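In this note's numbering, the protein residues as written are 30 to 419.
Next up, the structure:
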């Protein structure tokens, strides 16, 4: 049985866990990152064409960590977001008045992960261990200890970045408030003929929202990702037919925006749910990202909310006078992170309920609201700045 000590143990090598590792490594903490398997080198990673929407606020934070310069060439800037509710008449067009800042950026997950892993290798105080199958955690006032079948790791703090179905949460006993939406999200990456000109779209149908995100493309074709919330049975039936018929069906929905679809690169279906932990902390342990919270994708803010957690962790960890992992440190982290996460959990849930409602009064109020916002540039600017995280 191998045993060693570290300042920080991060469990989970997803994007949020990797950024957290960078933050704490850059502050000269001894960091150990563990995961059951590698997300970068697995065979499935090459088939993964999922994307992440990075807000301007998250991009500024990545710049402060000297990471964005490696990511920028793989990102597709979003300069405009066009939102429609049921018809082309009910619309809001968002743009940023400051030309130096964008509404967001879209990056493929696998490229993002590969860059973060490569940059993490530059830190001599950082160790990455794949094949770590967590089976138990023991906590006391001095440290937290994680056990696998062949390794024991003692840390001043454990950072749970192990996703929505967090094994750590099951072991230490934190509870969650959960919301199941009885719908799924179809994530479709495809090539098409028409340029989106750095514009993202969100179309609210009565069955659920459909978002179109432009992705960095190669010469000769354009590439986008669609995230469509709909009935699970309907989406599975859609994917059971041949690609040529899927292309025709999607073209009927969004062909006026993307033009002819030339190739479907990948398609995946994910069940939609949201949750928020009763607390983001435990004894010498904190939760970040999906291990702490998940929200409906209607606003595209889930990943950025996780980066907000990491940013709060980073700012607190700069103060060496506070014991990293101590009760005060953990409580300060919870106080800084919980309110915004709970706020977005509620906002996205209520927005989804509103746009799914087909009642006459709901539709009337929605149409009026869209008209008011579209005609009020000051109000649009406030919404834009909130979404940008600046």
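Just so it is clear, CB atoms sit at the ideal spot from N, CA and C, and this is done for glycine as well.
Quantities reported herein were computed from a predicted structural model and do not represent experimental measurements.
How is residue 190 classed by DSSP in three states: helix, strand or coil? coil
Would you kindly work out how many angstroms separate the C-alpha atoms of residue 356 and residue 164, rounded to a whole number? 24 Å
Note the first and the last residue of the continuous alpha helix (DSSP H) segment covering residue 261. 261-268
Could you please give me the residues that DSSP links to residue 49 through a beta bridge? Per DSSP, none; premise fails for residue 49.
Decide yes or no for the touch test of the region 33-52 against the region 163-179: beta carbon pairs closer than 8 Å, at least 3 of them. yes
Three CB pairs or more closer than 8 Å across the region 96-112 and the region 140-147: yes
Pop quiz: residue 78 and residue 294 are said to be a contact at Cβ under 8 Å. What is the actual Cβ separation, rounded to whole angstroms? 5 Å
Under 8 Å between the Cβ atoms of residue 190 and residue 320? yes
How big is the Cα-Cα spacing for residue 75 and residue 389? The pLDDT assigned to residue 75 is 49, lower than 50, so where the model puts this residue is not dependable; a value taken from the coordinates is nonetheless given after this. So the alpha carbons of these two residues sit roughly 47 Å apart.
I'd like the span of the beta strand (DSSP E) that includes residue 156, first residue to last. 155-159
Cβ neighbours of residue 220 in the same chain (closer than 6 Å, five flanking residues each side left out): 250, 252, 291, 292
DSSP has residue 257 in a bridge; who is on the other side? 215, 239
Count the other CB atoms, across all protein chains shown, that sit within 10 Å of the CB of residue 5; report buried if there are 16 or more and exposed otherwise. Because residue 5 is not part of the residues shown, which for the chain are 30 to 419, the question remains open.
With burial defined as no fewer than 16 other Cβ atoms inside 10 Å of the residue's Cβ, what is the status of residue 126: buried or exposed? exposed
Once you ignore the five residues that flank residue 365 on each side, which residues in its own chain have a CB closer than 6 Å to its CB? 341
Let's test the definition: count the other Cβ atoms within 10 Å of the Cβ of residue 384 and tell me whether it reaches 16, buried, or not, exposed. buried
Could you work out which residue in 218, 414, 112, 248 is closest to residue 279 when comparing CA atoms only? 218
Inter-residue spacing [alpha-carbon to alpha-carbon] between residue 339 and residue 169: 24 Å
Write down every uninterrupted run of the alpha helix (DSSP H) in the region 304-381 whose length is 4 residues or greater and which is fully enclosed by it, in chain order. 331-346
At 4 residues or longer, what runs of the alpha helix (DSSP H) sit wholly inside the region 51-120? 72-76, 85-93, 97-100
Beta carbon of residue 205, beta carbon of residue 307: below 8 Å? yes
Mind reading off the beta-carbon distance from residue 227 to residue 108? Whole number of angstroms is fine, and I expect it under 8 Å. 4 Å
Closer than 7 Å to a non-hydrogen atom of the ligand ATP - does that hold for the CB of residue 144? Questions concerning the ligand ATP fall outside what the structure shown contains, since it holds no ligand whatsoever.
Below 8 Å on the Cβ atoms is my guess for residue 262 versus residue 378; work out the distance and round it to an integer in Å. So it is not a contact: roughly 23 Å between Cβ atoms.
Cβ-based burial, residue 212 [other Cβ within 10 Å; buried from 16]: buried
Could you tell me if residue 235 is buried or exposed, where buried requires 16 or more neighbouring beta carbons within 10 angstroms of its beta carbon? exposed
Neighbourhood of residue 374 by C-beta distance below 7 Å, restricted to the same chain and skipping five residues each side: 303, 305, 322, 324
Residue 185 versus residue 354 - alpha carbon distance: 6 Å
Going by C-alpha distance, which of 315, 273, 223 is nearest residue 288? 223
State the Cα-Cα distance for the pair residue 417 and residue 129, rounded to the nearest angstrom. 13 Å
Excluding the 5 residues flanking residue 154 on each side, which residues of the same chain have their C-beta closer than 8 Å to its C-beta? 54, 57, 58, 59, 60
For residue 380, which of 351, 400, 346, 329 has the nearest alpha-carbon? 329
Mapping DSSP to helix, strand and coil, what is residue 201? helix
I need the straight-line Cα distance from residue 407 to residue 85, nearest angstrom please. 19 Å
Same chain, Cβ closer than 6 Å to residue 240, five either side skipped, listed in chain order: 231, 256
How is the beta strand (DSSP E) around residue 284 delimited, first residue to last? Note, residue 284: premise wrong, no beta strand (DSSP E); alpha helix (DSSP H) at 272-287.
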